[in-house]
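**Q** Sharing a structure below in structure tokens format, with a few things to ask.
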Amino acid sequence: MIYKEIAINTQSRREIIDITESVERLVNDLSFGDGLIDLFVPHATAALVLNEGERGLIQDFLSMFERLVPEHGKYMHNSIDNNADAHLISSLLCKSLVIPVAKGRLELGTWERVLFVELDGPRARKVRAYFVNG
Amino acid sequence: MIYKEIAINTQSRREIIDITESVERLVNDLSFGDGLIDLFVPHATAALVLNEGERGLIQDFLSMFERLVPEHGKYMHNSIDNNADAHLISSLLCKSLVIPVAKGRLELGTWERVLFVELDGPRARKVRAYFVNG
Amino acid sequence: MIYKEIAINTQSRREIIDITESVERLVNDLSFGDGLIDLFVPHATAALVLNEGERGLIQDFLSMFERLVPEHGKYMHNSIDNNADAHLISSLLCKSLVIPVAKGRLELGTWERVLFVELDGPRARKVRAYFVNG
Chain A
0 MIYKEIAINT
10 QSRREIIDIT
20 ESVERLVNDL
30 SFGDGLIDLF
40 VPHATAALVL
50 NEGERGLIQD
60 FLSMFERLVP
70 EHGKYMHNSI
80 DNNADAHLIS
90 SLLCKSLVIP
100 VAKGRLELGT
110 WERVLFVELD
120 GPRARKVRAY
130 FVNG
Chain B
0 MIYKEIAINT
10 QSRREIIDIT
20 ESVERLVNDL
30 SFGDGLIDLF
40 VPHATAALVL
50 NEGERGLIQD
60 FLSMFERLVP
70 EHGKYMHNSI
80 DNNADAHLIS
90 SLLCKSLVIP
100 VAKGRLELGT
110 WERVLFVELD
120 GPRARKVRAY
130 FVNG
Chain C
0 MIYKEIAINT
10 QSRREIIDIT
20 ESVERLVNDL
30 SFGDGLIDLF
40 VPHATAALVL
50 NEGERGLIQD
60 FLSMFERLVP
70 EHGKYMHNSI
80 DNNADAHLIS
90 SLLCKSLVIP
100 VAKGRLELGT
110 WERVLFVELD
120 GPRARKVRAY
130 FVNG
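Chains as they are written, first to last, in numbering that gives the first Met the number 0: chain A, 0 to 133; chain B, 0 to 133; chain C, 0 to 133.
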């Protein structure tokens, strides 16, 4: 099984970064024709979202996260580590995402982008990519 | 890798459609015995849910979506396109769903159905199905 | 395709159980070297979360579920079966989770554990595991 990593250096506590071009570069570098890529996030306080990367929408995602899981809410886990909100939000998003590839191109919808969601940054993060032939 | 598409014509802005029989028909047409199907939604304002399709529960899903992400909330993205709520809800549901197939049958739980979730319809939509042998 | 089941007997209505060791045992028993495991939940009122299993955080997950989808809210489905909340919460979590395996070890992040989420217990549950080579 072919395996590659994408390294991401995040800059803020909560941040959304479009990594579509990094994933596409892997597909091109490997001359991977047809199959599936499994993108996997090996972090308990980060996640993936497959959606549009428009600047206003990125703000709307962050606002929704804060509305559903406030950073300064009361959490038991915060007596150990001050990041319960990051764990909770990530559980509502994707940890693994299987994306089709055809003729060397990601088969995404017109407005779909692979968005990396940092919830407890800034940190050095990675996304693991596994290539599965049919 | 075998690839098929399921076409769906939605009728409302927010709507949930049971596509289990369409997926089962693909499995039968292909005489696909054992393996996995990856169902992929190539739309940023639609998603999948694997759950029961009972009529009252469908209403409960729609009520939950509206409670978590109101259609007429304040969203930055709506200065560009009037559908931020659809993008946001879809990020909380599934974009790709890997379902097992054994002896030509979807290996779903008793009450599990494949539900297509339209969030910015009515539109012509599709779900992509990729068949992976073990 | 190699297929195994993990049996889980839950004790409470809502409960989170760390099944990482059971998944690792399957990988070891099969001498499965490199590839992907698809974990699939064949239940409409249970789900998986990939996250930290710290005791306080487990309570925070349960509190978030209750805040987002109250057990005693008003639900149409409850005229049929008294568990709409369980169906709704499970739709926000994972039904299928693809986890990488390398050299016979789950390639999880440092704090990531496979958590089984019971939402309408106590019940006898299972998680299906499918092993995919590259």
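Built from N, CA and C at the ideal position, the CB exists for glycine as well.
This one's a predicted model, so the numbers in the text were calculated from it and none came from an experiment.
Going along chain A, which residues have a C-beta under 9 angstroms from P41 (chain B)?
**A** Chain A residues near P41 (chain B): P99, E106, L107, G108, T109, E111.
**Q** In angstroms, rounded to a whole number, what distance separates the CA positions of L61 (chain C) and V116 (chain C)?
**A** About 9 angstroms.
**Q** Terminal residues of the continuous alpha helix (DSSP H) containing V26 (chain C)?
**A** 19 to 28
**Q** Taking the alpha helix (DSSP H) that D134 (chain B) falls in, what are its first and last residues?
**A** In the structure displayed, chain B extends from 0 to 133; residue 134 (chain B) sits before or after that span and is not available.
**Q** For the alpha helix (DSSP H) holding D59 (chain C), just list the boundary residues, first then last.
**A** D59 (chain C) -> alpha helix (DSSP H) spans 54 to 67.
**Q** Would you say the segment 81 to 93 of chain A touches the segment 19 to 29 of chain A, given that touching needs at least three Cβ pairs under 8 angstroms?
**A** no
**Q** With C-beta atoms as the reference, is V100 (chain C) less than 8 angstroms away from D37 (chain C)?
**A** no
**Q** Measure from the C-beta of L92 (chain B) to each C-beta in chain C and report whether the shortest distance is under 8 angstroms.
**A** yes
**Q** On the DSSP bridge list, what partners appear for L118 (chain C)?
**A** DSSP lists no partner for L118 (chain C).
**Q** Can you look up L87 (chain A) in the DSSP assignment and give me helix, strand or coil?
**A** helix
**Q** Only counting the same chain, and skipping five residues up and downstream in sequence, which positions put a Cβ closer than 8 angstroms to that of L67 (chain B)?
**A** I88, L91
**Q** Using a 10 Å radius around the Cβ and a threshold of 16 neighbouring Cβ atoms, would you call R54 (chain C) buried or exposed?
**A** Label assigned to R54 (chain C): exposed.
**Q** What's the C-alpha gap between I7 (chain C) and I15 (chain C)?
**A** Spanning the two alpha carbons is a distance of roughly 11 angstroms.
**Q** Among the candidates B:I98, B:P121, B:Y74, B:R13, whose CA atom is the shortest distance from the CA of D128 (chain B)?
**A** What sits at residue 128 (chain B) in the sequence shown is Ala, not Asp. Answer by Cα proximity: B:I98.
**Q** Below 7 angstroms on C-beta distance, what does M63 (chain B) contact in chain A?
**A** The premise fails here: M63 (chain B) is roughly 12 angstroms from chain A at the closest Cβ pair, so nothing lies under 7 angstroms.
**Q** Would you tell me roughly how many angstroms separate the C-alpha atoms of I57 (chain B) and M63 (chain B), rounded to the nearest one?
**A** Straight-line Cα distance between these residues: approximately 10 angstroms.
**Q** Mind checking if D17 (chain B) is an interface residue toward chain C, Cβ cutoff 8 angstroms exclusive?
**A** no
**Q** With burial defined as no fewer than 16 other Cβ atoms inside 10 Å of the residue's Cβ, what is the status of H42 (chain C): buried or exposed?
**A** buried
**Q** What are the boundary residues of the beta strand (DSSP E) that includes G34 (chain A)?
**A** 34 to 39
**Q** Count the other CB atoms, across all protein chains shown, that sit within 10 Å of the CB of D59 (chain A); report buried if there are 16 or more and exposed otherwise.
**A** Burial call: buried.
**Q** Cα separation between Q10 (chain C) and L105 (chain A)?
**A** 44 angstroms
**Q** So what does A123 (chain B) bridge to, in DSSP terms?
**A** Under DSSP, A123 (chain B) shares a beta bridge with B:N8.
**Q** Does the CB of V22 (chain C) have a neighbour CB from chain B at under 8 angstroms?
**A** no
**Q** How about Q10 (chain A): is its C-beta nearer than 8 angstroms to some C-beta of chain B?
**A** no
**Q** Check whether the Cβ atoms of N50 (chain B) and L114 (chain B) lie closer than 8 angstroms to each other.
**A** yes
**Q** Mind checking if G34 (chain B) is an interface residue toward chain C, Cβ cutoff 8 angstroms exclusive?
**A** yes
**Q** Output yes if chain C places a C-beta closer than 8 angstroms to the C-beta of A6 (chain A); else output no.
**A** no
**Q** Give the straight-line distance between the Cα atoms of L47 (chain A) and K94 (chain A), rounded to the nearest whole angstrom.
**A** 6 angstroms
**Q** From this set, C:I5, C:G108, C:Y74, which residue's C-alpha is nearest L25 (chain C)'s C-alpha?
**A** C:I5
**Q** At a CB-CB cut-off below 7 angstroms, which residues of chain C make contact with G55 (chain B)?
**A** M75, H76, S78, I79
**Q** Taking just the CA atoms, how far does I79 (chain A) sit from K102 (chain B)?
**A** 48 angstroms
**Q** Cutting at 7 angstroms between CB atoms, please list the residues of its own chain near V40 (chain C), excluding the five before and the five after it.
**A** Contacts found: A46, L47, K94, V126.
**Q** Short check: CB of T44 (chain B) to CB of L107 (chain B), under 8 angstroms?
**A** no
**Q** Using only the alpha-carbon positions, how far apart do D33 (chain A) and M0 (chain B) sit?
**A** A direct Cα-Cα distance of roughly 7 angstroms separates D33 (chain A) from M0 (chain B).
**Q** Determine the chain B residues that contact V131 (chain A) at a beta-carbon separation under 7 angstroms, and present them in chain order.
**A** V131
**Q** Mind checking whether D17 (chain A) and G72 (chain A) have CB atoms under 8 angstroms apart?
**A** no
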